[in-house]
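Residue numbers 196 to 683, in our numbering, belong to the letters of the sequence shown in order.
All C-beta atoms, glycine included, are put in the ideal place defined by N, C-alpha and C.
In this text, all values refer to a predicted model and were calculated from it rather than measured experimentally.
Below is one structure, written out as structure tokens, with a few remarks after it.
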Amino acid sequence: MPDLFIDGTWRSALDERTREIRCPADGSLVGVVDEAGGKDTVEAIAAARRAFDEGPWPTTPAADRGDLLLRVADLLGRDKDALARAESLDTGKRLVESEYDIDDIANCFRYFGRAAAAETGRVVETGTASVDSRVVYEPVGVCALITPWNYPLLQTAWKVAPALAAGNTFVLKPSELTPHTAIHLMRLLEEAGLPPGVANLVLGAGPEAGAPLGDHPDVDLVSFTGGLQTGRRLMAAAAGTVKKVALELGGKNPNIVFADADFETAVDMALTAVFLHSGQVCSSGARLLVEDSLHDRFVDELVRRASRIRLGGPFDERAQSGPLVSAAHRAKVEAYVAKGLAEGAVLRCGGARPSGPEFEAGFYYPPTVLDECSSDMSVVQDESFGPVLTVERFSREAEAVRLANDTIYGLAGAVFTTDEAKAQRVAARLRLGTVWINDYHPYVPQAEWGGFKQSGFGRELGPSGLAEYREAKHIWRNTNPSPQGWFA
Ligand code: NAD
Numbered sequence: 196m197p198d199l200f201i202d203g204t205w206r207s208a209l210d211e212r213t214r215e216i217r218c219p220a221d222g223s224l225v226g227v228v229d230e231a232g233g234k235d236t237v238e239a240i241a242a243a244r245r246a247f248d249e250g251p252w253p254t255t256p257a258a259d260r261g262d263l264l265l266r267v268a269d270l271l272g273r274d275k276d277a278l279a280r281a282e283s284l285d286t287g288k289r290l291v292e293s294e295y296d297i298d299d300i301a302n303c304f305r306y307f308g309r310a311a312a313a314e315t316g317r318v319v320e321t322g323t324a325s326v327d328s329r330v331v332y333e334p335v336g337v338c339a340l341i342t343p344w345n346y347p348l349l350q351t352a353w354k355v356a357p358a359l360a361a362g363n364t365f366v367l368k369p370s371e372l373t374p375h376t377a378i379h380l381m382r383l384l385e386e387a388g389l390p391p392g393v394a395n396l397v398l399g400a401g402p403e404a405g406a407p408l409g410d411h412p413d414v415d416l417v418s419f420t421g422g423l424q425t426g427r428r429l430m431a432a433a434a435g436t437v438k439k440v441a442l443e444l445g446g447k448n449p450n451i452v453f454a455d456a457d458f459e460t461a462v463d464m465a466l467t468a469v470f471l472h473s474g475q476v477c478s479s480g481a482r483l484l485v486e487d488s489l490h491d492r493f494v495d496e497l498v499r500r501a502s503r504i505r506l507g508g509p510f511d512e513r514a515q516s517g518p519l520v521s522a523a524h525r526a527k528v529e530a531y532v533a534k535g536l537a538e539g540a541v542l543r544c545g546g547a548r549p550s551g552p553e554f555e556a557g558f559y560y561p562p563t564v565l566d567e568c569s570s571d572m573s574v575v576q577d578e579s580f581g582p583v584l585t586v587e588r589f590s591r592e593a594e595a596v597r598l599a600n601d602t603i604y605g606l607a608g609a610v611f612t613t614d615e616a617k618a619q620r621v622a623a624r625l626r627l628g629t630v631w632i633n634d635y636h637p638y639v640p641q642a643e644w645g646g647f648k649q650s651g652f653g654r655e656l657g658p659s660g661l662a663e664y665r666e667a668k669h670i671w672r673n674t675n676p677s678p679q680g681w682f683a
């Protein structure tokens, strides 16, 4: 069955190209999918444009749009096992993590399904009896939705659900490395009764299948999640036709541990912060800032536990962490560690590929801790997107805040302390879109997600996540028109 979904029809790429998808854990063939080129994407944009301009989706009552999203949430629940398996095969992540993701994805559709109907506009009080004035919300138009490989369907849901809730049409381009759950989602949208042309899917590489989404005049909005360099490129491309742009980019996220923190909790969460999904998480707590007086004890214990983390494939129930997504990504992480060591970091654990026949065909890299780092090192500034923790020391609260803010990024981070006033003071001064206090990684669909500084702009999830996909239109009606006589 072909994999591109354009104008309600499944079809192959115009030039009939395909791509093999292999599991990062063992190199086994997961599937062969159609690989779109720029011409396929232009057709998908045209279909989305027609579906927007000729309706019915943009003018479907918001409550009905919400109902469709709620049906999709149920279908995601029905297909949870197949979706989780497909996500694990494409990404190499542990099955249990994929299962959590599918629950989160269904919740995201549920949240936007309910939000769709909740806020439809407002009356504006003008103080003039002969005027009625109101603000209504309308969809932006054709949305280009471009997503990465680390949480393939989750990142897709964060865009597809609010875009549909607001009445837009879209072209989705998921990462070329992890296409299978996006294909499955299109089938669920079809099954739920979405009209043809509203949802379109192109698979393929960024520079070919993705590029028209950035500069095509029929695209009204680009919502992108991925790396900083790609985000900059898309923003520049979108400037030509002044598209609305939302960017969710990288992070180099600080995890601040004060000496008065609960030791067990802080060690446990520092490990989860950075080693979850082998560090391939945008909000990964990859920079540990630990108070000087606690440093030795804390880092010794963290290294002891990090060294014991068991690596393995997605279906190995004993595994605590999986492979990296590709050979190229592992090479990038290795180069990053080598640079850190050349800059003077001290290797405390990891730093070399694991040995053993079970690791040979996969892209494994062990949890790695680089101690005695300082914020002028590139290893501290650049995003590795792998299981690599840098450790810096601080001795005063103000110094912790200064170091934490000393990167171009501003996505997320945490502070661990038992002093509530200190926690709140520090949280208030961190230039981050999300701050966790005595916790790491949780999020809820009701609260916004997004970055400060070069981690991007625009928000996902929460009420502002929906607002990204709407235009506010002011309609002023003169109920008693008569000549004004200014130029009589
Ligand atoms: P990437 O920038 O390489 O690719 C992301 C997507 O953009 C892919 O679908 C890719 O094919 C596409 N793309 C690449 N070039 C393009 C072009 N010229 N035109 C249009 N599309 C193009 O990122 P990645 O390696 O897939 O993902 C990892 C990055 O994503 C990390 O930096 C991570 O921090 C970031 N990320 C951020 C968040 C967040 O919420 N802020 C969430 C997840 C991942």
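Residue of the options minimising C-alpha distance to residue i
| i | options | result |
| --- | --- | --- |
| LEU489 | PHE611, GLN515, ALA593 | PHE611 |
| ASP221 | SER521, ASP235, PRO561 | SER521 |
| GLU282 | ILE300, ALA622, THR376 | THR376 |
| GLU553 | PRO518, THR342, PRO256, PHE470 | PRO518 |
| SER650 | SER479, LEU466, PRO582, ARG672 | SER479 |
| LEU656 | LEU270, ALA501, ASP299 | ASP299 |
| ALA194 | ASP457, CYS544, ALA258, LEU348 | Shown here, the chain extends from 196 to 683; a query on residue 194 therefore has no answer. |
| ASP457 | ALA339, ASN633, PRO197 | ASN633 |
| GLU578 | PRO391, GLY445, LEU383, VAL417 | GLY445 |
| ARG499 | SER473, LYS447, LEU506, PRO562 | PRO562 |
| SER165 | ARG548, ARG591, TYR560 | No information on residue 165 is available, as it lies outside the stretch 196 to 683 that the chain covers here. |
| GLY405 | LYS275, ALA432, ALA468 | ALA432 |
| ARG305 | ALA258, GLU666, ASN345 | ALA258 |
| GLY388 | GLU555, ASP413, LEU265 | LEU265 |
| GLU386 | PRO251, LEU584, ASP274, LEU542 | ASP274 |
| VAL267 | GLY308, ASP285, ARG244 | GLY308 |
| ALA540 | LEU584, PRO357, LEU471 | LEU584 |
| LEU271 | ALA243, GLU249, LEU471, ASN302 | ASN302 |
| ASP198 | GLY680, LYS534, LEU661, LEU380 | LEU380 |
| ASP491 | VAL532, ALA313, VAL586, PRO357 | VAL586 |
| CYS568 | VAL331, ARG482, VAL437 | ARG482 |
| ARG214 | LEU565, GLU230, ASP327, ALA662 | GLU230 |
Buried versus exposed call for residue i [16 or more other C-beta atoms within 10 Å across all chains shown]
| i | result |
| --- | --- |
| ASP495 | exposed |
| THR351 | buried |
| LEU224 | exposed |
| LYS668 | exposed |
| VAL398 | The question names Val, but residue 398 in the sequence shown is Leu. Result: buried. |
| VAL291 | exposed |
| PRO256 | exposed |
| ASN675 | exposed |
| LEU536 | exposed |
| GLU459 | exposed |
| VAL227 | exposed |
| TRP631 | buried |
| VAL393 | buried |
| ARG317 | exposed |
| TYR295 | exposed |
| ILE297 | buried |
| ILE670 | exposed |
| GLU615 | exposed |
8 Å CB neighbourhood of residue i in its chain, flanking five on each side removed
| i | result |
| --- | --- |
| VAL237 | PRO407, HIS411 |
| PRO253 | PHE247, GLU333, PRO334, GLY362, ASN363, THR364 |
| GLU486 | VAL452, PHE453, ALA454, ARG588, PHE589, SER590, ALA595 |
| GLY232 | ALA208, LEU209, ASP210, ARG212, GLY399, GLU403, ALA404 |
| GLY287 | CYS218, PRO219, ALA220, GLY508, PRO509, GLY517, PRO518, LEU519, VAL520, GLY557, PHE558 |
| LEU383 | VAL267, LEU270, LEU271, ASP274 |
| GLY513 | For the record, residue 513 in the displayed sequence is Arg; it is not Gly. Excluding positions up to five away in sequence, the list reads ARG505, GLY507. |
Residues near residue i in its chain [Cβ-Cβ closer than 6 Å; skip 5 each side]
| i | result |
| --- | --- |
| THR420 | THR342, PRO343, GLN350, GLU443 |
| ASP601 | SER570 |
| SER293 | ALA279, GLU282, SER283 |
| ALA595 | ILE451, LEU484, PHE589 |
| MET430 | VAL440 |
| ALA468 | ASN450, GLY480, TYR635 |
| VAL526 | Sequence inspection shows Ala at residue 526; the Val mentioned does not correspond to that position. Same-chain partners within the cutoff: there are none. |
Sequence-distant residues of the same chain with beta carbon closer than 7 Å to residue i, five excluded per side
| i | result |
| --- | --- |
| ALA599 | PRO449, ILE451, LEU484, GLY608, LEU625 |
| LEU627 | GLY605, LEU606, ALA607, GLY608, PHE647 |
| ARG260 | ALA311, LEU359, ALA360, GLY362 |
Chain D within 8 Å of residue i, Cβ atoms only
| i | result |
| --- | --- |
| GLY608 | This model lacks chain D altogether, as it is built from one protein chain only. |
For a minimum of 4 consecutive residues, which ranges assigned as the alpha helix (DSSP H) are wholly contained in the segment 485-527?
487-502
Ignoring anything shorter than 4 residues or poking outside the segment 434-490, list the alpha helix (DSSP H) runs there in chain order.
458-470
Please give me, in chain order, every unbroken run of the alpha helix (DSSP H) with length at least 4 that falls completely inside the segment 573-600.
573-576, 592-600
Residue ranges of each alpha helix (DSSP H) within the segment 252-310, 4 or longer:
257-273, 275-286
Start-end ranges of the beta strand (DSSP E) lying completely within the segment 321-362, minimum 3 residues
326-334, 337-341
Continuous alpha helix (DSSP H) assignments of at least 4 residues falling wholly in the segment 359-421
375-387, 406-410
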